[in-house]
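Numbering (the working numbering), first residue to last: 6 to 213.
Below: one structure, written as structure tokens.
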Amino acid sequence: MTDPEPLTATLALVAKASAGDREALADLYRRHYERVRRVAALSMGRTLRQCEADIDDVVHDAFADAFASVSQGKFECRGEGSFRRWLATIVVNKVRQRGRRAGARDERSLDEAFGTAVVEPPVPTPERGPATSAGDHEVQEALLALDEADRTVITLRHVCGMSWPEIVAETGMRTERQAAWAVQRAMQRLRERLGRSSDDLETGFRSL
């Protein structure tokens, strides 16, 4: 039997985790570990290699926060990409919190969520394939080359899937129209760097 489509499988795991299945939490961790690291690095404005020493606490805190919410039934599913976008939003917020304070690690243990020792970060296998394709890596590099304002609004809109009102609240912009215009300009700069269409970029964002 082949595995379910990845996003459908994620929703099934979230449902099991909400019902107290700790192995489902461990599986969610394995599935999303690499993406959480990539989104954290992007939010820091650095490559994974550049922030290797700083990223572990962010990843730990993001998963601790997410799994506490899932275990308490607080995650609201809004379609197949909703868990991925919700988790990305948690990561972005953790990076921001870390910037505001010296970032003590969240004392909640992932051991408590899993009920056993924390599962080890997943090791790439031939079945899993590379974490990102060359094209997706190119998108990441181009995003990192943008200024922080452009990178932030693209991340909030296209990686976290935030609505215009949410982007206004996150960035302090005055209107939804201003937020939409900021994203449009940032996307234009990104397309110019890469020579790609919007559809191609969306594919790259989903791989982040």
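Beta carbons: idealized from backbone N, C-alpha and C, even for Gly.
This structure is a prediction, so every number in the text was calculated from the model and none was measured.
Simplified DSSP assignment, three categories, for residue i
{"i": "residue 55", "result": "coil"}
{"i": "residue 202", "result": "coil"}
{"i": "residue 189", "result": "helix"}
{"i": "residue 79", "result": "coil"}
{"i": "residue 48", "result": "helix"}
{"i": "residue 168", "result": "coil"}
{"i": "residue 86", "result": "coil"}
{"i": "residue 10", "result": "Caution applies to residue 10, whose pLDDT of 48 falls short of 50 and renders its modelled position unreliable; the value that the coordinates give is listed next. If DSSP states are grouped into helix, strand and coil, residue 10 belongs with coil."}
{"i": "residue 208", "result": "helix"}
{"i": "residue 134", "result": "Only weak support exists for where residue 134 lies, its pLDDT of 38 falling under 50; the value from the coordinates is given anyway. In this structure, residue 134 counts as coil in the three-state DSSP scheme."}
{"i": "residue 194", "result": "helix"}
{"i": "residue 108", "result": "Low confidence applies here, because residue 108 scores a pLDDT of 48, under 50, leaving its location unreliable; read the following figure in that light. In the structure shown, residue 108 sits in coil (DSSP, three-state: anything other than H, G, I, E or B)."}
Residue span of the alpha helix (DSSP H) that contains residue i, given as start and end
{"i": "residue 178", "result": "Taken as a continuous stretch (DSSP letters only), residue 178 belongs to no alpha helix (DSSP H), as it is neither H nor E."}
{"i": "residue 24", "result": "Run containing residue 24: none; DSSP gives neither H nor E here."}
{"i": "residue 155", "result": "153-159"}
Touching by the beta-carbon criterion (3+ pairs, under 8 Å), the stretch 17-28 and the stretch 47-54: no
Check whether the stretch 169-189 and the stretch 62-76 touch, using three or more Cβ-Cβ pairs below 8 Å as the test. no
Could you tell me whether the stretch 34-42 touches the stretch 74-84, where touching means 3 or more Cβ pairs closer than 8 Å? no
Should the stretch 181-193 be regarded as contacting the stretch 85-94, the criterion being three or more beta carbon pairs within less than 8 Å? no
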